[in-house]
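Peer 1:
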Amino acid sequence: MDLSPASPVASPLKALMAAIEDTGRDERRGGYSRPVYSAAERDLREWFTSEALRRGLVVETDANGILWAWWDLPGDSAAGIDGTSGVPERRGALVTGSHLDSVPGGGAFDGPLGVAGALAAVDLLQAREREGGLIRNRALAVAVFPEEEGSRFGVACLGSRLLAGAIDPAKALSLRDADGNTFADVARANGLDPELMGRDEAALSRIGDFVELHVEQGRGLNTEEFMDAAGRGPAVAVGGSVLGHGRWRFTIAGQGNHAGTTLMADRADPMVAAAQLIVAVRQTAAAQSGARATVGRLEPVPGGTNVIASRVDLWLDVRHPEDVVTAALVEKIHGQAQRIAAMEGCTVRLTEESYSGTVHFDAALQRSLEQSVARTVPGAPVLATGAGHDAGVLAALVPTGMLFVRNPSGISHSPEEYVEDADAELGVAALADALQDLL
Numbered sequence: 003m004d005l006s007p008a009s010p011v012a013s014p015l016k017a018l019m020a021a022i023e024d025t026g027r028d029e030r031r032g033g034y035s036r037p038v039y040s041a042a043e044r045d046l047r048e049w050f051t052s053e054a055l056r057r058g059l060v061v062e063t064d065a066n067g068i069l070w071a072w073w074d075l076p077g078d079s080a081a082g083i084d085g086t087s088g089v090p091e092r093r094g095a096l097v098t099g100s101h102l103d104s105v106p107g108g109g110a111f112d113g114p115l116g117v118a119g120a121l122a123a124v125d126l127l128q129a130r131e132r133e134g135g136l137i138r139n140r141a142l143a144v145a146v147f148p149e150e151e152g153s154r155f156g157v158a159c160l161g162s163r164l165l166a167g168a169i170d171p172a173k174a175l176s177l178r179d180a181d182g183n184t185f186a187d188v189a190r191a192n193g194l195d196p197e198l199m200g201r202d203e204a205a206l207s208r209i210g211d212f213v214e215l216h217v218e219q220g221r222g223l224n225t226e227e228f229m230d231a232a233g234r235g236p237a238v239a240v241g242g243s244v245l246g247h248g249r250w251r252f253t254i255a256g257q258g259n260h261a262g263t264t265l266m267a268d269r270a271d272p273m274v275a276a277a278q279l280i281v282a283v284r285q286t287a288a289a290q291s292g293a294r295a296t297v298g299r300l301e302p303v304p305g306g307t308n309v310i311a312s313r314v315d316l317w318l319d320v321r322h323p324e325d326v327v328t329a330a331l332v333e334k335i336h337g338q339a340q341r342i343a344a345m346e347g348c349t350v351r352l353t354e355e356s357y358s359g360t361v362h363f364d365a366a367l368q369r370s371l372e373q374s375v376a377r378t379v380p381g382a383p384v385l386a387t388g389a390g391h392d393a394g395v396l397a398a399l400v401p402t403g404m405l406f407v408r409n410p411s412g413i414s415h416s417p418e419e420y421v422e423d424a425d426a427e428l429g430v431a432a433l434a435d436a437l438q439d440l441l
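Under the working numbering, the first residue of the sequence shown is numbered 3, with each subsequent residue one higher.
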């Protein structure tokens, strides 16, 4: 999508995306770095609040830091999110939305497309209501979930996990960022009460269905299976499932020492063990059909150029459609890590940081989305995703579904992430149609 300042703003979606195109730009990595509760992410939360208020929505922040912008039915209460008078009227509401935080050096669309797209869909729905083409029987909310990427505190979908009770609040509050700040301290500094965080039955009871619009984070829609005669895949797909995935931390401990005075034969170098383990991870995953395993982060301690590290922490991401296979892969990699560490005179410890099993979206909601999307994108396929989403976390408690907008590059979590204008607009139209049918 061309979001340059010189490009004409021809739609609500383009205007919304253009308004945030400079927020959180990362000059060193490229792309955007918008960790939760950073200045950039707070600016985006303020932008969302302002845009929601402009549309007449009632904006609230719940105990877990989730933003809710409510389009209530006429006569409904606009009371707070504290489980009092506002809850009964909103029970069974239709919710859409996504997240605003990013991975380090991420793309422009992962998260914000779903938030801006939801606001643009509200514009379409409000116009249809004014023209008499929409009759609503349910309230609608746009939700913004914090720390979806887990780039600051290490646990993906932290806001939705807290809401759903999928993580122990004590564990969440004790998480630390790279600067040593606990999640409890950061939450408190941003106006939240850590003692109130955790599973929120009142908020959950208000959600009847949740539908998330998201950029496709692979090239599924650009494979030959779905391409037309011109070599283009469909603009939109309906989500079918989310691949099971988790994050684990390996801590390899050795002997820190001087790089110049320590003979090669006298070393217990955890960096050498870490390097061998990274190669073993790739080989192990490549040998298992359907598996993905990645080491994307490695931190040596103390991290000096002329210092043999005393410890290396590295983070492992493993994904597979079958949860039992994921567990077996992690155990196999753990065994390899122990053997490699022993050969280098080191020790290793494995810690699970988060895990989510494979999720299949609600079948009835999926059928409804397929029928709705077909009006805008005939023949839109059902697509599995290897990426985690808040919709996947909420799926255990409420009916959830997803719509994916084609990504021609197939690249995500990178500055090269891309969505074409026409596809993005079709994604918003498909979302509006789906929401209208569900309302």
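Just so it is clear, CB atoms sit at the ideal spot from N, CA and C, and this is done for glycine as well. Predicted model, so just to flag it, every value in this text is computed and none were measured.
Rounded to whole angstroms, what is the Cα-Cα separation between Val-361 and Asn-66?
Peer 2: Their Cα atoms are separated by approximately 23 Å.
Peer 1: Which runs of the beta strand (DSSP E), 3 residues or longer, sit entirely within the segment 344-429?
Peer 2: As summarised for the segment 344-429, the continuous beta strand (DSSP E) elements at least 3 residues long and confined to that stretch are 349-358, 384-387, 402-407, given in chain order.
Peer 1: Identify, in the order they occur along the chain, each residue of the same chain with its Cβ nearer than 6 Å to the Cβ of Pro-148, setting aside the five sequence neighbours on each side.
Peer 2: Result list for Pro-148: Val-38, Gly-67, Gly-161, in chain order.
Peer 1: Taking just the CA atoms, how far does Asp-170 sit from Val-11?
Peer 2: With a pLDDT of 33 at Val-11, under the threshold of 50, the modelled position of that residue is not reliable, and the figure given next carries that caveat. Spanning the alpha carbons of Val-11 and Asp-170 requires a straight line of approximately 44 Å.
Peer 1: Nearest-angstrom Cα distance between Val-400 and Asp-64?
Peer 2: 18 Å
Peer 1: Taking only three categories from DSSP, how would you classify Ala-118?
Peer 2: helix
Peer 1: So Leu-367 and Ala-166 are supposed to be a Cβ contact under 8 Å. How far apart are they, rounded?
Peer 2: Actually they are not in contact, since the Cβ atoms of Leu-367 and Ala-166 sit about 17 Å apart, beyond 8 Å.
Peer 1: Can you tell me the Cα-Cα spacing of Glu-341 and Asp-423, whole angstroms?
Peer 2: Sequence check: residue 341 is Arg here, not Glu. In a straight line, the C-alpha of Arg-341 is about 51 Å away from that of Asp-423.
Peer 1: What are the boundary residues of the alpha helix (DSSP H) that Val-56 is part of?
Peer 2: The sequence as given places Arg at residue 56; Val does not occur at that position. 41-56 is the span of the alpha helix (DSSP H), which, as asked, contains Arg-56.
Peer 1: Around the C-beta of Leu-59, are 16 or more other C-beta atoms found within 10 angstroms, so that it is buried, or is it exposed?
Peer 2: buried
Peer 1: For His-247, does the count of other Cβ atoms within 10 angstroms reach 16, so buried, or fall short, so exposed?
Peer 2: buried
Peer 1: Could you tell me if Thr-328 is buried or exposed, where buried requires 16 or more neighbouring beta carbons within 10 angstroms of its beta carbon?
Peer 2: buried
Peer 1: Going by CA-CA distance only, name the one from Leu-46, Thr-387, Leu-279 that's closest to Lys-334.
Peer 2: Leu-279
Peer 1: Using the C-alpha atoms, what's the distance from Val-157 back to Thr-98?
Peer 2: 22 Å
Peer 1: Gly-113: which of Glu-203, His-216, Gly-381, Leu-142 sits nearest, CA to CA?
Peer 2: His-216
Peer 1: Taking all protein chains shown into account, do 16 or more other C-beta atoms lie within 10 angstroms of the C-beta of Asp-181, making it buried, or fewer, making it exposed?
Peer 2: exposed
Peer 1: With DSSP collapsed to three states, give me the class of Thr-225.
Peer 2: coil
Peer 1: Where in the segment 269-355 do unbroken runs of the beta strand (DSSP E), each at least 3 residues long, occur, reported from the N-terminal end onward?
Peer 2: 294-303, 313-322
Peer 1: Under the rule that 16 or more other beta-carbon atoms within 10 Å means buried, what is His-260, buried or exposed?
Peer 2: Under this definition His-260 is an exposed residue.
Peer 1: Considering only the alpha carbon of each residue, which of Ser-176, Glu-23, Leu-55, Asp-187 lies closest to Ala-115?
Peer 2: The sequence given here places Leu at residue 115; Ala does not occur at that position. Measuring from the Cα of Leu-115, the nearest candidate turns out to be Glu-23.
Peer 1: For Arg-57, collect the residues of the same chain with a Cβ closer than 6 Å to its Cβ; drop the 5 residues on either side in sequence, then sort them by chain order.
Peer 2: Cβ neighbours of Arg-57 beyond the five flanking positions: Val-124.
Peer 1: Would you kindly report the start and end of the unbroken beta strand (DSSP E) that includes Leu-69?
Peer 2: 69-73
Peer 1: Give the straight-line distance between the Cα atoms of Ser-100 and Glu-214, rounded to the nearest whole angstrom.
Peer 2: 6 Å
Peer 1: Buried or exposed: where does Thr-387 fall if 16 or more other Cβ atoms within 10 Å of its Cβ makes it buried?
Peer 2: buried
Peer 1: Reducing DSSP to helix, strand and coil, say where Gly-108 ends up.
Peer 2: strand
Peer 1: Have a look at Ala-81 and Ala-393 and give me their C-alpha separation to the nearest angstrom.
Peer 2: Low confidence applies here, because Ala-81 scores a pLDDT of 44, under 50, leaving its location unreliable; read the following figure in that light. C-alpha separation (whole angstroms): 26 Å.
Peer 1: Expressed to the nearest angstrom, what Euclidean distance is found between the alpha-carbon atoms of Val-286 and Pro-302?
Peer 2: The question names Val, but residue 286 is Thr in the sequence shown. Their Cα atoms are separated by approximately 24 Å.
Peer 1: How many angstroms separate the CA atom of Ala-344 from the CA atom of Asp-179?
Peer 2: When rounded, the separation of the alpha-carbon atoms in Ala-344 and Asp-179 is 30 Å.
Peer 1: So who's on the other strand from Ser-100, going by DSSP bridges?
Peer 2: Val-146
Peer 1: Would you mind reading off the limits of the beta strand (DSSP E) that contains Ser-215?
Peer 2: The amino acid at residue 215 is misidentified as Ser; the sequence shows Leu. Counting along the chain, the beta strand (DSSP E) containing Leu-215 begins and ends at 209-217.
Peer 1: Touching or not, the segment 193-209 and the segment 378-385, by the rule of three or more beta carbon pairs under 8 Å?
Peer 2: no
Peer 1: Give the C-beta separation of Gly-347 and Val-309 to the nearest angstrom, bearing in mind that I take them to be a contact with Cβ-Cβ under 8 Å.
Peer 2: At roughly 17 Å, the Cβ-Cβ gap does not stay under 8 Å, so Gly-347 and Val-309 are not in contact.
Peer 1: Just grab the DSSP bridge partners of Glu-450 for me.
Peer 2: No information on residue 450 is available, as it lies outside the stretch 3 to 441 that the chain covers here.
Peer 1: Are Gly-134 and Gly-33 close, meaning C-beta to C-beta below 7 Å?
Peer 2: No, these two residues do not count as a Cβ contact at 7 Å.
Peer 1: Name the two residues that bound the continuous alpha helix (DSSP H) containing Arg-190.
Peer 2: Per DSSP, Arg-190 is one residue of the alpha helix (DSSP H) stretching across 185-191.
Peer 1: Can you give me the C-alpha to C-alpha distance between Asp-425 and Ser-13, rounded to a whole angstrom?
Peer 2: 13 Å
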